[in-house]
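Residue 833 is where the sequence shown starts when you use our numbering, and the numbers rise one by one after that.
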Amino acid sequence: MLSDGAASAHLGVGARSGAPVDEVLALVGAVLREAGLTRADVGSLGTLDARAAEPGIVAAAAALGVPVRGFRAAELAAVPVPHPSARPLAATGTASVAEAAALLAAGAGLRGAGDVVPLGGPGGALLLVPKRKSRYATCALAASVPVRPNEDAPGVRLLPLPHGYIAGEPGSPPTIPTPHTTAAMDTHTHTDAHDLRHHGDAEVRDEKLIDLAVNVRTNTPPDWLRERIADSLTGLAAYPDGRAARAAVAERHDLPSNRVLLTAGAAEAFVLLARALPVRRPVVVHPQFTEPEAALRDAGHEVGRVLLREEDGFRLDPAAVPEDADLVVIGNPTNPTSVLHPAASITALARPGRILVVDEAFMDAVPGERESLAGRSDVPGLVVLRSLTKTWGLAGLRIGYVLAEPETVAALERTQPLWPVSTPALVAAEACMSRAALAEAEHAAHRIGVERAHLLAGLAEFDEVRTVAGAEGPFVLLRIDGADAVRERLRSLGFAARRGDTFPGLDRNWLRLAVRDRATTNRFLQALDQALLIGG
């Protein structure tokens, strides 16, 4: 039961017309579990008065044994909510029916069923669980909190949350049932705790640590590539000419040159896509590289998320992506999960009028580049992004490319500044497309597979460690209770690991490790053993 003199918890529910009772009850149950409460703790269910007679809501309240409280749109609109969304604001005047209704119902709970206490009055409302979302409904939970005589009236007070605020993320229940069984969909404006601009290089910057945080292959660039880049410096007086490099990329993927765009790394491509394409409902499949969502947000887009779940192996179910999404972004193999999705699962996402962006930055680390879509021209709206950073060690040179329909390439190119890729980067791109370079990359991919197997075998010896199965990239994702503390102890022992809590869909209990050579891996496993013993 609730403590601190609170009378009870109060639910706020927003629902589309026809929302099924089973879905509403499943969402309510998930929210209560997150708060550590039961149905017996619930005092009422609040909603928009126009939805108070909705069969799914009425039946859910009856199953809970609580009354339905319908609030006028003007009442809901007067309540500040911490997690607003544009769609309910346009439809009802409130930016979150669920949060506003929960807070109003909790305020009413201080006086009884007949009156609503002003949130700045002799009582307050505490938001226990922010808005959570299933396919047709949203739900939030608030508590009635009496104000002590020496305490200022709180208005709306928020309970500090240790996790992000997005439906289906760790910290919310692992399963919020919807018609899809492998992912949770959330489409509100995200102001959550995930630092989308945090990248692995921050883990090693300014410190002398053995780097397992950055997914760049060690001992790169190779000597022959360094020499090609060095030779290009004699031509820096001339403006860059990308025609030869563009032709080399096109030939490597058996595509015409007008389907290729060279970029200053794959990260630039995400910015171009966010700025150049007139999309209305972009969706990013998480957990994955966070830069696509960050770029979309910076361009003013409201970004929806499809969160893949650990219990499903972070595998993609194409049906989890909403039909009205006009831009979908997914990684393959996905950073940080190292999952390689079947090409058929990804192409099933293609639709007329939809841009399908597949980040293949790590595909050249997969032997044979299985499941790659880079050479495909038969998938409508397909955009494939490639990077030369990881395999060739060119993070400081910034070189990548886009493969897409000519119209899309032209739109992206118009958004680029003049001469966006430097001469040394163009020379590197052309060199990395040669047959000898591709053979070297293939050999490296096989070697990575061997070393990854060794790392996974070592991690399997620890009862505290659980790894994501079927890793195919040059990194592995693992879960340890209290991984954030383990990561700090590893740093004191000389090793940098990539924190997981900046990826939507993950929390502080996750770490990503780059695959390294066997000697480095053995030293790391010894350090991990020590770090776990210290935390005992």
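All residues carry an ideal CB built from backbone N, CA and C; glycine is no exception.
On a CA-only basis, which of A892, V1253 and D1295 is nearest G1097? Give me that one, please. Stepping through the sequence shown from its first residue, residue 1097 is reached at position 265. The residue with the shortest Cα to Cα distance from G1097 is V1253.
Please classify K965: does DSSP put it in a helix, a strand, or coil? As a position in the sequence shown, residue 965 is number 133, starting the count at 1. DSSP places K965 in strand when its eight states are reduced to three.
Measuring straight from C-alpha to C-alpha, what distance separates R1091 and T1052? Sequence index remark: in the sequence shown, residue 1091 carries index 259 (1-based). Sequence index remark: in the sequence shown, residue 1052 carries index 220 (1-based). For R1091 and T1052, the distance between alpha carbons rounds to 29 angstroms.
Nearest CA to the CA of I889: which residue from R848, E1134 and E866? Taking the sequence shown and counting its residues from 1, the one referred to as residue 889 is at position 57. Selected option, being the one with the closest Cα: R848.
Closer than 6 angstroms by C-beta to P852: which residues in its own chain qualify, once you throw out the five before and the five after it? Chain order, please. Taking the sequence shown and counting its residues from 1, the one referred to as residue 852 is at position 20. Counting only Cβ-Cβ distances below 6 angstroms, and skipping sequence neighbours, we find G888.
Which first and last residues belong to the alpha helix (DSSP H) in which G1290 is found? Counting from one through the sequence shown, the residue named residue 1290 turns up at place 458. Here the alpha helix (DSSP H) through G1290 covers R1267 to L1291.
So, helix, strand or coil for L849, using DSSP? Residue 849 sits at position 17 when you count from the first residue of the sequence shown. The amino acid at residue 849 is misidentified as Leu; the sequence shows Ser. Three-state DSSP puts S849 in coil, outside helix and strand.
Let me check understanding here. Comparing Cα to Cα, which of P1154, A1127 and V1308 lies closest to R1183? Indexing the sequence shown from 1 puts residue 1183 at position 351. Answer by Cα proximity: P1154.
How would you write the range of the alpha helix (DSSP H) that T1240 sits in, first residue to last? Taking the sequence shown and counting its residues from 1, one reaches residue 1240 at position 408. Counting along the chain, the alpha helix (DSSP H) containing T1240 begins and ends at P1238 to T1247.
Could you tell me if Y1071 is buried or exposed, where buried requires 16 or more neighbouring beta carbons within 10 angstroms of its beta carbon? Along the sequence shown, read from residue 1 onward, the residue named residue 1071 stands at position 239. The residue is exposed, with fewer than 16 neighbouring Cβ atoms inside 10 Å.
Would you please state the rounded distance, in angstroms, between the beta carbons of L1325 and Q1362? I believe it to be under 8 angstroms. One-based indexing of the sequence shown puts residue 1325 at position 493. One-based indexing of the sequence shown puts residue 1362 at position 530. Right, the Cβ-Cβ distance comes to about 6 angstroms (below 8 angstroms), so this counts as a contact.
Taking the alpha-carbon positions, what's the V1259 to A934 distance? Sequence index remark: in the sequence shown, residue 1259 carries index 427 (1-based). Sequence index remark: in the sequence shown, residue 934 carries index 102 (1-based). So the alpha carbons of these two residues sit roughly 60 angstroms apart.
Selected residue, minimal CA-CA separation from A891, among H1085, V845, A906 and A1261: The residue given as residue 891 occupies position 59 in the sequence shown. The shortest C-alpha separation from A891 is found at V845.
Are the segment 912 to 924 and the segment 893 to 904 touching by the rule of at least three beta carbon pairs closer than 8 angstroms? no
Within the same chain, show all residues whose beta-carbon is closer than 6 angstroms to that of N1047, passing over the 5 residues directly before and after it, in chain order. For this step, residue 1047 is matched to residue 215 along the sequence shown. For N1047, where only same-chain residues beyond five positions count, the Cβ hits under 6 angstroms are K1222, P1306, F1307 and A1346.
Residue range of the beta strand (DSSP E) that includes I1415: In the structure displayed, the chain extends from 833 to 1368; residue 1415 sits before or after that span and is not available.
Give the list of continuous beta strand (DSSP E) stretches no shorter than 3 residues that lie fully inside the segment 1073 to 1142. 1092 to 1095, 1114 to 1118 and 1136 to 1140
Reference P1168, options L877, V1234, R883 and P1336, closest by Cα: On the sequence shown, position 336 is the one that residue 1168 refers to. With distances taken between Cα atoms, P1168 lies closest to P1336.
Please report the distance separating the alpha-carbon of A1301 from that of L908. Start at 1 with the first residue of the sequence shown, and residue 1301 comes out as number 469. Start at 1 with the first residue of the sequence shown, and residue 908 comes out as number 76. In a straight line, the C-alpha of A1301 is about 45 angstroms away from that of L908.
Cα-Cα, which of L1338, R1186, L1093 and I1162 is closest to I1178? Numbered from 1 along the sequence shown, position 346 holds the residue referred to as residue 1178. Here the closest residue by C-alpha is I1162.
Quick one: measure Cβ to Cβ for H842 and A932, integer angstroms, because I've assumed they're closer than 8 angstroms. Here residue 842 corresponds to residue number 10 of the sequence shown, with the count starting at 1. Here residue 932 corresponds to residue number 100 of the sequence shown, with the count starting at 1. The Cβ separation is near 12 angstroms, so there is no contact.
Please list, in chain order, all residues of the same chain as A1236 whose beta carbon is under 6 angstroms from its beta carbon, the five residues on each side excluded. One-based indexing of the sequence shown puts residue 1236 at position 404. Within the same chain, A1236 has close Cβ partners V1215.
Residues in the same chain with beta-carbon distance under 8 angstroms from P1174, minus the five sequence neighbours each way, listed in chain order, please. The residue given as residue 1174 occupies position 342 in the sequence shown. Correct list, in chain order: E1203.
What are the start and end residues of the beta strand (DSSP E) that includes V1215? Start at 1 with the first residue of the sequence shown, and residue 1215 comes out as number 383. L1214 to S1219 is the span of the beta strand (DSSP E), which, as asked, contains V1215.
Closest to A1077 by C-alpha separation, out of S1266, R967 and V1318, would be which residue? In the sequence shown, residue 1077 corresponds to position 245, counting from 1. The option with the nearest alpha carbon to A1077 is S1266.
Distance, Cα to Cα, A918 vs A927? One-based indexing of the sequence shown puts residue 918 at position 86. One-based indexing of the sequence shown puts residue 927 at position 95. Looking at the two C-alpha atoms, the distance is approximately 6 angstroms.
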